[in-house]
Structure formats: structure tokens, C-alpha cells
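Chains as they are written, first to last, in this note's numbering: chain A, 1 to 211; chain B, 1 to 129; chain C, 1 to 1013; chain D, 1 to 416. Please read the structure below before turning to the comments.
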């Protein structure tokens, strides 16, 4: 839609950027490092994240054209490109989350806007508002079972699925983009809480955090 | 704790993901200017409070953020159907009464029938259309 | 002390692993595999507690969750105390320390027992309703002593050293109970491929098979248990949860399972060698189908002195002998109504101890077990019952008589039998609890003489709980239920389970006997206990019905029947039967009682999980939090946010008070430049061709003409006309707006927009998305703000080009920013929005440049003072849900002539909102400038009026103003705007009455010139 | 009526308690009464009692579909207090508190009203502003109420955690010393026995199936035990009010929600007072029997099932352990749910209706138990005189059309 103010909110020099987990990791002084960790956590900071709103048909055309990817056709689906670096996730019948390597988001937004033309849609940059956390390890699923009420059994949660759900007393997006592990998308202001919760829930299994 | 079928996410989710938002199918008077104080008070404060079948609006707050409707029995807490905004319930106190009179047994198999209409076209529709 | 009652062989205990424990200060030994109860019985401990009301000596009666007496205080340390632990459910561990919950100086010689003996007769049910009424002033004293006598164990007085957690599960089939029915159900479902959870409350799975006399496939039944568990344990689709009680069954097949993880090992997880492991875990299970295989509880008979130590339920006797290798006495009399209980006598005799007699209430018992008993030379007395136990500290004999159950009298003479143990059985009560937790009433089965579960959708009862008592039937019923559950859950096919062979046993019919008649009547009978934990006797129930308490709920409440921690598992049916007899009705006519969670008591900690201490509720932080911490901020909780409240300076080891810090911060803003982290404000991105129209509908003021580049303040009402939120909204593009909300209102406003869009005006083309977390917001404000900003930004700050209520984009400190010229302080102000990941560098750069301007960080307190000096409201502080925009004097922000009938408009013309004497927002200036009025102080016009006084309003905000060097306040006051210049009074709790003048809400810069410079 | 006393108890003990009389009769319904009260809970029984005792209307029936005191009277957490914000509510609840003070003696039935005080905690600056506002208003309305500091709180209730360890440290509280708890069942039974003694017929297992209304006037009720005539009918049926109103063709602004509560196992005395927190959302007191009696919040959906959702119980216990960390190892015995009829402004309805002679007393939400004697008293006065008692008058149904609500959400909160 025209008459929408595009805005590149990313500076050219990003060397002093601080991710949502900066404070938590900083405050910890030394990161947990278990000898034989059942759980491994690591933040994937500074990804480019856009929320797309609009009709599925037009949006599908646009992302095919611009990203060479299909919009997830089914509810709760996540599709990734071959590199695994770009993904589109269904959030609601008219809402999708696009995650791309940091720095690509503004150009992507511009191209999508161009492609979508006069259709009724919205694109919102939320890159500063949320961060990705990777959760891996032999006990990762049990940690999730302690934290969310959503069924994370492989039968119910295959690769290619992503849900927005309750995580302890926060809201979180949980996705499986590959076989060995999970991606959690944490809201910035809740990131410290979620991180502390994850550490606490993982403690009995041994936990390592990598940066 | 309820297990609620979200007609947009198309699966059951725990009640903790939702919030109840009162009576469904509530309409704001079209011409507030010409609405009496009594009618306006009714619209603001007077709600159905049945012991039995109730149509209520819920929002999938931490999921898809969509509002939808539930037909639920307020005594047994059984959810009889969930359906998107803009649709009408297929099960009402009246249909239940008729069904009871005809001696039809309650259908088995899960907690609720899924979606009031067989086909939900929401995926390829804009909600505003 | 040696284990006098331990037999040399048999049972599931490990005699090679001795364990030491302490009970009431005395050291004892037991074995691995014991419960505390079995170990106490092994050591010949008769009295384990004193009763609640009469302080009578009490021993162990049962072997499981139904035990009413053996409640102990567990724990060696102050912080590890657990009150009211049932000894029958507590696994023994080395170093366990337990005490009786009642009894002083000890349970053997309890002083209160004399009170009970002498005073017991003065304590019929409900006696406390009939006395302690005069003089009225004495009740609190009476109550103190009543309270001291009541209660069971003691709460710990120190914080819990252990942790707890939750785990969520989804499964096709949840099987509750791992006895014969549960095991066959689980096996049957698991082999079909279903996701199965099997839980059992005991230390070991197997249920009744663990002490069964029977064989399966011609070997001891327990072998089949082992085989089955091995198979289930090896299956990927099966989760086995021993020591796990299904404590609550909730709607839509949501079941909570409480797993004891370290409680059976030591006082704490650390002591057990598992630091960091939760002491208990609550499994929150959503099951497609639940198979309830919870079995039965045996009912004891209600005869005189049936509470003396040495009285037990028959099945418990068998359990202690066969499972724990403990014979809890030397000579046994068994009083029964059924064949099954004969096991107790046979087991007793096989253990080498004396069976004095079996007293059977039936005239002609003739089942296989009866024949076996007779063949073993045991005396069987028929048509009779034990009518009274003899003894003081323990049973020393039984009085036996023939009974006529139809007329409820004894017939013939009374025989005294010498014995130290009386086992009784009045039949079996299916454990229906879970099946009634969602309100379904259990159904009486006349043939079974018990309640069976009513129909619960999604739940299949199997085995003993549905009335299948014979082993082959139980197994078959379990297998059927397991298979059915798997199929119902969507598994396509499931084979029928091949069951192990059982030996057929012929059981005779049971007879209905609950209370046993006695030669005396009513309250003259020595006490016949129905509910031992609450000291409820049969005569108490009789008396209650005589006093007009005819509903079973009244009887229960008047006598306290079933209100104990055992929830009447042994006593409820007996109590109902007695009430039925007294009222001349049948048991089903008297009704049934619905059970509520929990099945057995559950540790608070397990229900809380890890939602405690720092994880009780999220702490939300802004991107600048670290800076605030490092710069000594004190924080205020605003919703879940931690916001800097003020930044006290420390000099020479002295920290500023809040008053000092706030005065300094205020002056810095008024005279130089200050900076506020405003990131917590809610921010909503709104896009779409109808965005403008939508704003016009949800705000009270006009939006049609707001041009891109401009900002406007808006008020949001509910449709009752009351203010719900406020904030500025900026026009970014013609179809693009950025709305801000209050910190607390962010989530609510977004949902508010969505609900109107999705339900009322879906035709409007607009989308809303939260960007609260994406943007960090910092407010640079004060006369020097422009100077500071000009050093760090490329935006043209010229006052004509970047006017008040404009916004511009550009770079600030090298970071792309949107800068808004809006002011919540009344001073020149720039609100900078940058992507949160880059906020810290902007903030720090501002301080680098700001040093020469004495750039002062300020917190919420200073923000409040500054805005109040300008008469700017805070929704939720100056308003309370009963305030309209008109009340606030904000007529200028109400677009009565807007074309669409916006939310809240209609309500403003209701009689009450049009009332002439509504409370209106005003300023108050205390006559004494040193006075800072109390927020919440009530305003009166006549300070000499007597109470109740006519309150005209109250102070909503009140501060000291450094600029005015005076206290000042905002208040709501009836007809406030008509009272300008009048004096009002504020009577305070210390007796002082403050005087204040009603003034304008704007205390500083009334023309608003400063923000426009 | 047999008088109860300590001396009487001793006398009966020597008679092996064989001479206790029924506490109330079980009469057959008469054809006609002066007043019918629909609903035999605490409020209905109190209304009948005061009608007969104070207002000389003795030909009264209480029609109860189940057993007396079987609704919310049997299912609440027994708190009695009167520290409400607005004048109208403070007057109503304070009138009730005054009656509580002599109730055991008046009824000759020990309702165990224990004036052990109530603390309403504040954890944020806004909480404290609200507390100060309420306390100031209370004081000028004649309600005993004061603001106390964390140290004073600790003196009142030594086991509470006032440290900064808490997620939301306690900043202060309001303290109503004359508030407390009472024995809920005894209240119903005491009023029942008292009403019966004054001639009121208590008709249990009698369900109203409809109203007899002609020309806009009520003439009686239809029941499963036949028709009963009366020209004044007062409905005091809590969660069932909506169903009754519908029978009479009246709509009420009520929603019936589940309200849950729970108790721990009995403990030796550990708590002195009643502690409530709106902010962390939970409250607790200890019964004379030793149970910790804990209240939870309202579930957001309609429900007549006498049960709510499990997370509500979890949140409540989290709040309790936040305030009293040492209770973590204490165990929860039982939970249950009531059906509370809530009004949009968290205040009750005491009102005439468009049907002449038909009155409603309902909508007490979470605040019903504490109001029992006061509600009964002013409602009885209103029924006897045909005109709403001045204390009851502001609680008319009309306020939902004029907009004159009495918004007590702040005072009600979790603090039932």
C-alpha cells in the first residue's frame, strides 16, 4: 500500500549493537558450560524479521517473486529456503513472520511493497523486538515439555512446524526448522525471563550456553 | 481446563492460550444517536447468562490473535463447536432441545465438532473482505 | 529395638539393605522397600498418633491412601518439615525423622486424652455452635484455645530448600493405576502403538498383584507384573510414572499427575544426592482417553472402639504380611461380610501366627476361601460380627455377637475372644474420585454395595473401580478398556490382548453391613468411629439427623464427616449408610457426595512449579536496563516492567533520598536537560487505507486532517464513556500511523483495536501490529534539549521547521531514528525512537555529548512531578474507570460532530454522565506550601461535619514542586471547575485537617510557551 | 426454640444427648404466605429471619430447591470486612459488619465470628495510592481502616515475607482490625433455626418452576410441590438469579462465573489474620480447624459447573508461596468452586423490578458472604415496607441504564 512510511532502522555501522539477551549474558559473567550438556542454548542475534499482513494469495505471489519461496500454505507451517537462512512462518490466516539474515530485511520490505503494489497489506519490521534462540541437545525436548503446554512430540511437531504459544508466563514462538533442535523466538523485553527459565529448567540435565 | 479448537490454527490448543471475551454475536446499535438510555444500557451491561448452551467469543491471544466463537454448555463445560467470526452457530439451545426430544444420542468422538461450516476459506481470504 | 513383627522371609523388601529411622525420638530399623508404616508395624509400634478431637490413641489402620490415622510430621530440619505425611505412603529412607502430629508430652501418655475422656461426652457434633457465646467479648479467647487444640502438623518456618517443576504431556491413553486392570489396559493400548502414560501412586507398580495369593499362568502373579513392566518399559511409546498420583481430573481430559521424585529418598534432593532435581513434579497431561483403573478401597466395619490400635482393615493385614513381611500382631480376629477378606486370616496363619476366629456376618458363607479357612482349622463364627474391641492402648480382645442386620440388633449372647488384632471388612468401595472431579455423580450399584463411576466422556473405568473384583475379570476388563481407549483415540486397529491364565475361584455373595449393632443404643454405645481422622462417630451422625440435618451434605458438614485429609476414603460410605438407616431411606436416596481434587493432598510447591522467586512473574527490561543498573537507578514495578524510578547520587558514602534525587532531576529538566527511558510505552504500527477512519472511531477526538509528519494526542474511551487509555499517535504516511499507549495499557489497547476490527468493522482495511519491543524510546527534554540534540543529529531542529507536535526522521548518534516533538514535561522535548538493538549506543552518545549540559537521567517519579505540574493526567492514577473526558476538562479532545458515532460518545449523554455535580479534575494548592497532600486524601467542604462525612472527591496526584517550592496536587472534586478559588479541607488520619485552594490543573507555564520554543 | 448454652450442653451430655430438638422443622408448604423468599442460602434465610423477627412479617416461606445453605454459603472463604471504597458500598457492608458483631448472641447460635483483622497488601506505588484512597474514604465513612507499613504488617502476621527477595515486594497494606472470618455453615443454620423459631416455613427440595404474574403484579410461585401464593416475592438465588429472572420475563445484568477456593491440610496455628493481595492475586487465612483457606480469582467464562480451570489454582498458590515462601512444603487438600453472579460494577442488585411485588437481591459477586446479615436486614425492611431501604436504594437495577454505577472492582478485586 502506498502512503506507508518505509524506514531503514538499521545503521550502517552495527558494531555497537546489543541484542535482547545482551544484558542477561553480560550479567552472568561466565556462561554455563556443563561437561556433558543435555541442553545447549545459543542466541542467533540480529536477524532481520518482518511481519507480513495481507491476503494469502497476493502475499504468496509476492514472496514467490521476491524471495523465490512459497508462502506456507497450511496453518502453523514454516518454510525455509535451501540455505536454511531464510524462512517464512504462518502466524495467522493473514499474518506471516519472515526471518532473513540481518541487513536483508529493509531491501526485502521494499521489494515486497513494490511487488504487492496497491493490494491491502502491511509489512512491519520487528527485527529489534525479538531474537532467536537455538535449543539443542538430547534433553531439549524435555526442557520444552517443562516450559510450554504445546505437544512437542515428533508426531505432533514435525520439522516444518512453528507455533506461537505460552511459554511459562510469556509468549513465545517455537519452531522446528531442522531435525536436531528447536528455534525459539523471544520477545525482547521477555528475553531475560525466558532465558532464566530455560537455564533453570535445564539445570538437572546439564546446560551449556554458547555465544 | 478447556481444550479449545481454534478455527484458524485448525487444531486444539490449551485454554491458557485463549481468553474468553463474553457473549458472542453482540451487536453495537447501528444508530447510537437514536438509541434510548435503556437500550444503550442493555447493550453495555445486559448479557445472556444461560445455564446450558451459550455462544461466547474467545480470542486466541497468544496464538493467531484471532477472535472466534464457541458454543459451550455452561454446566457440563462441553464445547459443542467453534466457528469463525461472521458465521452462525449450528448448535443452539433450540437445536439441542429438538435433538433431545427426538431422543438422538450425543455423538461420540472427541470434545467437539470442528468448525460450524465444513470448509473454512479463511486461508486465502482477507479477514476484512 | 528389633523388628519383632518382621517375618524371616517373603515380601518385596530387601532384607540386605537395612535403613535407620527415627520416630518420636526413638531410633528404629527397617528395610529398603518398606513404607514408614510397614517399618513402624515391623517394630511393634502400636500408637502412631492421637486423634483430633478426643485425643484417643490411634494406630495404623490401612496400607495406602485411605489411611486416616498415621499422619506424621516429617523432616529432620526446620526447612525440611512436611506436615501430615501419611506413613502408609511414605517410602522409608535412611535417616528419616518423623513425629506424630498430635500428642503431648508424647503419644503414649497424652495429657489431652484425659480431656477427651472426661470431656468427650460434652463434645457432640456441632457443640461449638451451641456454646462459647457468652460473654460475647470472650469469643476471641475461646477461639484461641480451640485453635491451639486443632490442626494436625506444623508448617515449616523456613523457606523450602527444594525445587519443583511441571511437565506437559499429550497422550492417546492415560492409564491411572498399575494394578491388574491398569497393567492389562496399558499393555493392550501400548501394543496398538498408542502413546501411553501409565501412572501409579505407590512406591512400586503392581497394585493388588503385589500381595496377591493368586497365580497367573501358574506362577506367582507378581512375576506377570515384572514381565509386563519390562515390556512396557522397553516401548518407545510408553511413559511409566511410578510414585505418581493422579490427583485431579479436569475438564476435557486434562489430568494432573503428581510425581514424587526425591521424597522417598531423603529429606531434600541434595541429601538424596541429586542436587538440582525437583523434589516433586506435576505432570500436566492432556489425554485423548483416560483409563481409570484405580481399584477399590476396603470398608472397615463400624463397631465400638474400632479405633483402638490393633484394629485394621482386612486387606491391609494381607498387604503388610505379603508385601512387607510384617505381621502386625500375634492373634487375629477377622470380622467380615465377604469372602475376599478371608485372605487376611489365611495369610496370618501362614505367617505362623494365631487366628482366633473369623466372624462372618453371613449366615451361610460357602465360597472357596471360606472352605480353605475351615480346612486350615480356623474357627468360623457365622451370622455374627465383632461388636466391640476391648483394650486401652491396644486391642486386647473382641466382643462377638450374633447380629440381626434387618432389625439392627444383636441376638443371642456375647462371646469375648482374646486377641491383639481385629481385622474387618465390610466390602469394597470403588475408588471413583477422579471420575467425579468434573461433577459427574457416582452411581450406586446394589449388587456391588458400592458407588461406581458415572458416565464421563473420554474416561473409561476398568477393573475394580467398575465393579470387577475377580482377577480374571479385572484383567479382561482392563484389556478391553485399553484397547477401546486406543481405538477411540484414533488408533486404527488394536489386537485383543492374550491374557494370562488365572485359577477360577468361587466367591460367595457379600452381605450389606456397615455399622454393627451393639447391646447399647445411641450415644450410650462406646464410640463407633466412622471417620477416624475427624473423630466422627455413628452416634454423631444419628444425632445430626435427629437435629434436622437430613441432607447428606448437612450431615457431613455438621459432623465434619469426610472433611479430613483422607477425604473420607474409609468412612464416607459407612457414614451415608448410617445416615440412610437413621432417616429410613436407602443409600442412593440419601444421595452421593461428589469428590473434588485432590485425590490425596499435594505439595503447594509442586502446584507452583518453578513459578516462584525470580520466576514468579516475568521482569520486563528495556534495552537500556544495564545502563540504569550501572548508574544506580532505583526501580519501580510498572506492570511487569522494571522502570527506573529515580537515579540517586551518592557522594561521600551518602546516598540521596528519593526526595532529594527527584528535586534535582526536576530542576535539571526545568533548567537544563534531562533524559528519560520511555521505551515501555506501548507502540502499535497501523497500516491500511482505512487506518485514519479507524482512529476516528476509537479515539474521542478528530483524526481526519492529521497530516503526515504531525502528531496528535488522543483519548480512548470504552463505550460506557469512561476513559480507558491515552497517548499520541503520529501520522507516518497517509495510510500509516504509529500509536502510543500507556505502559500498562499496551496489550489491552492492541486487543481493543483488534476486537473492534475483527468483530464490528471487518470491512475497514487496516492492520495492527505491536512494535513496542522493536523501538526503544528516549525523551530528551529541557531548555537545553535542542543544543544537545543538534550535536548528535542530522535533523534540522530549527523551531520553524521542526515544530511542536511534528515528527522527523534522520540519524541520531549514527542510528536511523524517528524523532517526535512531543512533551510530557511542558519543556522543549524530543522523543527519539530507534531500533532497540542500537538504543544503547544512542543513549551513551547522548551522555557523551550531554556531559557539558549536565544531562540528567530521570525516572518515573520525576516524570510524574513534571507532568503533574503541567496538569497532564496519568490514566489509572488520575482516572479510575469512572471518569469521562468531560470530567477531565478535555472538551477540546472530544469530537462531538465527527461523522461516525465513535466509541464512548453515546454514553456521555446518559443521565449520570450529564449530572451537574460530577467530579471534575482540578488543581489543589495547599495553604501551607510545606504540605504535600497525601495521594488518596479525601476532600470535604465542612471539616466539622461528623462521621460519616460528605466526601466531595479525592487527591489523585500530589508532589512537591521544586520550581514552585511548594506542594501541589491534582484532584477530582464534585463541581470542581465551579469551585476555583474556594477552600477545601482534607481531614487526615493523624487528626490534622489540611486546607487547600482549588486552582487550575496547570501549575507551571500556563500558556504552554516552553514546549514551543 | 431450645436455647443453647454451655450449661445446656452439660445437661444434655448427662442425658446422652438424647433430648436435642430439631434445629428447624420440615413443614409442608402452605397454600399462601405473605412473603415468599426464593433461595435458602445465607441471604435468603437472613431475609426471612429479619422479616419475622424485626418487621413482624411472620407468615413467610423460604423456598429452596436443594438444601439450606447449599450454594455459595457453603463454598466461600468466609471473610467478613467492610472496607469498600464508595460511600454506598461502605454503608451497606458496614451495616452488615455491625450486625455480625452481635450475631451469635442474637441467633443464639455460635457463628464463630472471629475479628482477627484483614490486611490488603500493596506491592506497587499505584497499589499504595489506591490503598490510601480507600483508607481515607473508609475513615470518613466510619469504617475502621488504616494504612500500615511493612514492619507493622510483619508484626501483625510474622510469617509473611516483606523482604526485597519477592518479585513484587510488599510496600504496605490497609488494615481493618474489626474484620475477620466466620463459620460459613453456622451462619446459614443459625439464621434457619432463628427463622424457623419465628414461624418461617423452610421448604427444602422445593424448586420454583415459574412465577404467577397477572397485570404486572406477582401473585405467587409455581413449584415442584405445587403453587404457592404470595403478593411479595423476594428472589435471593445468587447464581440462579438469571434463570429465575427469565421466568419472570426480566433481564438482569448478571454473569455467573466460577470462583474457586482451596484448603491446605490442617496445621497448628500459624496465621493470625486474613491476608489478601490484589496484585499477586491470592488471599489466605487459617480456619479454626487449622486449614489454610485460600481464595482464587474468578474464571473469565460463564460457568454453572461449580468448578473452574486448573491454572487459576496454580496462579493462586504461586501468589501464596510468593507471600509466604515457607508454605511451599505444605500440602493442598481440596479445591472447589462456587458460582458467583457478578454485576458489571462489582456491586450487588437490591431492587424492585417492573413486576410489582417481585424483588431481586443478587449480583453479590465475590462479596456475598460478608454481607449476609446486612443484606438480609435491608432486604427484609424493603420487602416489609414495599419501599427500598435507604441503604439498599442505590443498588437498584436502574443504575445500569442511568449510568450511576458504583464501581468497586478495585475493592473487590481478588479480595472477596
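Glycine is no exception: its CB is placed at the ideal position from the N, C-alpha and C atoms.
For the segment 689-716 of chain C, the set of residues with a beta-carbon nearer than 9 Å to any beta-carbon of chain B comprises 690, in chain order. Against residue 7(A), the close residues of chain C are 732, 809, 816, 818, in the order they occur along the chain (beta-carbon pairs closer than 9 Å). Residue 178(A) does not reach chain C, its nearest Cβ partner there being about 22 Å away, counting only Cβ pairs nearer than 8 Å.
Taking 8 Å as the cut-off, the Cβ atoms of residue 333(C) and residue 529(C) do not count as close. Within the segment 264-291 of chain D, no residue has a Cβ lying closer than 9 Å to any Cβ of chain B.
Inclusion of residue 359(D) and residue 180(D) in the CB contact set at 8 Å is not warranted, their separation being larger than that value. In the DSSP secondary-structure assignment, residue 185(A) is bridged to 132(A), 173(A). Relative to the Cα of residue 887(C), the nearest Cα in the group 908(C), 900(C), 899(C) belongs to 908(C). Each residue's CA atom was taken as its position, placing residue 295(D) and residue 331(D) some 15 Å apart. Excluding five sequence positions before and after residue 369(C), the CB atoms of its chain that fall closer than 8 Å to its own CB belong to 339, 340, 342, 343, 346, 505, 507, given in chain order. Taking 8 Å as the upper bound for CB-CB distance, residue 66(C) and residue 566(C) are in contact here, some 6 Å apart. By the 16-neighbour rule on beta-carbons within 10 angstroms, residue 17(B) is buried. In this structure, residue 454(C) sits near residue 441(C), with a CB-CB distance shorter than 8 Å. Those residues of the segment 662-680 of chain C placed with their C-beta closer than 9 Å to a C-beta in chain D do not exist.
For residue 12(C), the closest alpha carbon among the candidates 216(C), 266(C), 207(C), 956(C) is that of 207(C). Here the alpha carbon of residue 13(D) sits roughly 6 Å from the alpha carbon of residue 121(C). Of all residues in the segment 81-107 of chain A, only 91, 92, 93, 94, 95 come within less than 8 Å of chain B when Cβ atoms are compared, listed by chain position. Note on residue 769(C): 16 or more other CB atoms within 10 angstroms of its CB, so buried under the neighbour-count rule. Listed in chain order, the beta strand (DSSP E) runs fully inside the segment 142-224 of chain C are 164-176, 196-199, counting runs of at least 3 residues. Listed in chain order, the positions of the segment 48-77 of chain B with a beta carbon within less than 7 Å of a beta carbon of chain A are 62, 63, 64, 65, 66.
At a cut-off of 8 Å between C-beta atoms, residue 147(A) does not count as an interface residue with respect to chain B.
Using a CB distance cut-off of 8 Å, residue 11(A) counts as an interface residue toward chain C. Within 10 angstroms of the beta-carbon of residue 385(C) lie 16 or more other beta-carbons, which makes it buried. Under a criterion of Cβ atoms nearer than 8 Å, no residue of chain A is adjacent to residue 194(C); the nearest Cβ is some 11 Å distant. Fewer than three pairs of CB atoms, one per stretch, sit closer than 8 Å, so the segment 798-812 of chain C makes no contact with the segment 743-758 of chain C. Against chain A, the CB of residue 96(B) has no partner CB under 8 Å away; the residue lies outside that interface. Under the DSSP assignment, residue 133(D) falls in the alpha helix (DSSP H) whose first and last residues are 125-140. In the three-state reduction of the DSSP assignment, residue 364(D) falls in the strand class, which pools E and B.
Here residue 733(C) is bridged, per DSSP, to 736(C). Residue state for residue 775(C) is assigned as strand, using DSSP reduced to three classes. In the structure shown, residue 87(A) falls within a strand segment according to DSSP collapsed to helix, strand and coil. Each residue's CA atom was taken as its position, placing residue 55(D) and residue 381(D) some 7 Å apart.
Note that the C-beta distance between residue 238(C) and residue 246(C) is not below 8 Å. Inclusion of residue 860(C) and residue 693(C) in the CB contact set at 8 Å is not warranted, their separation being larger than that value. Beta-bridge pairing by DSSP links residue 64(B) to no other residue. The C-beta of residue 20(B) comes closer than 8 Å to at least one C-beta of chain D.
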